[in-house]
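Residue numbers (full-length UniProt numbering): 1 to 190.
Glycine included, every Cβ here is placed at the ideal spot set by N, Cα and C.
Please read the structure below before turning to the comments.
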Amino acid sequence: MSEIVRRGGTRRCKEYVAPSWSWASVKGIILPFDDKKIDVALVDVLGVETEPTNGDPFGQLCGGTLTLDGVLFKFPHISEMLLDHRNFRQKPSYNGDALALDDCGVDDYGSLDTWFLPLAVSSAASKHPDLNICGIILQKARGTSETAAYTRIGRVVVSHDGDIAGTGWLLRDWIPRPWSKDCYQTIEIV
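What follows is the structure, encoded as structure tokens:
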């Protein structure tokens, strides 16, 4: 996020590279997440489909979906958060590594409705002990009308009270864990 504010030059790929949930869709350094550091999984994987280019199962993908059972929470508009970036960057509670947007600029999706999908609780996610609910930032995929499909645009770690990366910004409809099964829904990420 600070790179967007400072340089403003990163952009989402104009050409399709890979499904948004795939590491191959991100331009830049990929930081692996050790699954041994997951204390509690917060989603169930219902299915994964990939569409290989030219039928080569080891080659590039021309499409794919990841279907999960999870809980979605309303996330603030990216453009609103960017306006406040200087203020929350100076807070001692802010963890800059706990919030990142993928290959984008505010013009790409700054004012669209945005969602947070918690994936796991990880005690190793942050230097702040309460900041440990790891998840991804999603927006509705364009051109999908049959199902509610989403595109991943970033990642974030939130606290148990819904504070986003120690910024002081809160998830609007946050419900503390544990969540009832009624809160879960099927989410498709493309």
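**OP:** State yes or no: is the C-beta of residue 119 within less than 8 Å of the C-beta of residue 171?
**Re:** no
Original post:
Going along the chain, which residues of its own chain have a beta-carbon closer than 7 Å to the beta-carbon of residue 178, five neighbours each way excluded?
Top reply: none
**OP:** Count the other CB atoms, across all protein chains shown, that sit within 10 Å of the CB of residue 139; report buried if there are 16 or more and exposed otherwise.
**Re:** Label assigned to residue 139: buried.
Subject >> residue 123 - containing beta strand (DSSP E), residue span >> reply: Counting along the chain, residue 123 falls outside any beta strand (DSSP E), and DSSP gives it neither H nor E.
**OP:** Evaluate residue 168 with the Cβ neighbour count: other Cβ atoms within 10 Å of its Cβ, from every protein chain shown; 16 or more gives buried, anything less gives exposed.
**Re:** In summary, residue 168 is exposed, with fewer than 16 beta-carbon neighbours lying within 10 Å of its beta-carbon over all protein chains present.
Original post:
From what residue to what residue does the beta strand (DSSP E) around residue 112 run?
Top reply: For residue 112, no beta strand (DSSP E) segment is defined, and its DSSP state is neither H nor E.
Subject >> Complete runs of the beta strand (DSSP E) confined to the stretch 133-178 [at least 3 residues] >> reply: 149-159
**OP:** Go ahead and pull the three-state DSSP assignment for residue 102.
**Re:** coil
Original post:
What is the DSSP secondary structure of residue 78, counted as helix, strand or coil?
Top reply: helix
**OP:** Can you grab the Cα-Cα spacing for the pair residue 189 / residue 183, in whole Å?
**Re:** 18 Å
Original post:
Which residue comes first and which comes last in the beta strand (DSSP E) that contains residue 57?
Top reply: Where residue 57 is concerned, there is no enclosing beta strand (DSSP E), given that its DSSP letter is neither H nor E.
Original post:
Closest by CA to residue 74, which one among 102, 135, 181?
Top reply: Checking every option, the nearest Cα to that of residue 74 belongs to 135.
Original post:
In terms of residue numbering, what span does the beta strand (DSSP E) encompassing residue 42 cover?
Top reply: Segment: none, residue 42 is in no beta strand (DSSP E) and carries neither H nor E.
Subject >> Inter-residue Cα distance where the pair is residue 46 and residue 187 >> reply: 9 Å
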